[in-house]
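For any residue, its number in the numbering used here is found by taking its place in the sequence shown, counting from 1, and adding 85. Positions of the beta carbon are idealized from the N, C-alpha and C atoms, including for glycine.
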Amino acid sequence: MDNSFTDLLRRHLRFLPSDQPLEADASLRDLGLTSMQAIEVLFDIEDLYGVSLEDDQLNDTTFSTAGHLWQAVDDARTRTAASTR
Numbered sequence: 086m087d088n089s090f091t092d093l094l095r096r097h098l099r100f101l102p103s104d105q106p107l108e109a110d111a112s113l114r115d116l117g118l119t120s121m122q123a124i125e126v127l128f129d130i131e132d133l134y135g136v137s138l139e140d141d142q143l144n145d146t147t148f149s150t151a152g153h154l155w156q157a158v159d160d161a162r163t164r165t166a167a168s169t170r
């Protein structure tokens with residue numbers, strides 16, 4: 086996970102103390118991410134990285150942990166980079 090991604094997520098995680106690092110296995114729901122905020126996170130990801138997640142990635146597993154969500158974002162970045170070559 087890169088710093089931009091963790092900063093993006095941190096804005097939506099009201100139960101993550103500011104002095105605590107965001108770990109890859111951190112449960113996003115336990116840290117305060119709601120389904121409505123997940124939509125906002127998607128928009129922020131699109132704005133920051135210029136990618137969209139595939140429809141089959143818009144599920145509870147993808148949004149279960151920071152690491153799972155990062156993997157989906159990284160996969161989308163790879164797909165986008167490959168399609169522009």
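Using 8 Å as the threshold, is the C-beta distance between residue i and residue j below it?
i    : j    : result
A151 : M86  : yes
S149 : L113 : yes
T165 : V136 : yes
L101 : L116 : yes
Going by DSSP, what residue range makes up the alpha helix (DSSP H) through residue i?
i    : result
V136 : Neither: V136 is in no alpha helix (DSSP H) and is coded neither H nor E.
T147 : Taken as a continuous stretch (DSSP letters only), T147 belongs to no alpha helix (DSSP H), as it is neither H nor E.
S112 : Segment: none, S112 is in no alpha helix (DSSP H) and carries neither H nor E.
D92  : N88 to R95
Could you please give me the residues that DSSP links to residue i through a beta bridge?
i    : result
S120 : Bridge partners of S120: none, in fact.
When the Cα atoms are used, what is the spatial distance from residue i to residue j?
i    : j    : result
L154 : F128 : 13 Å
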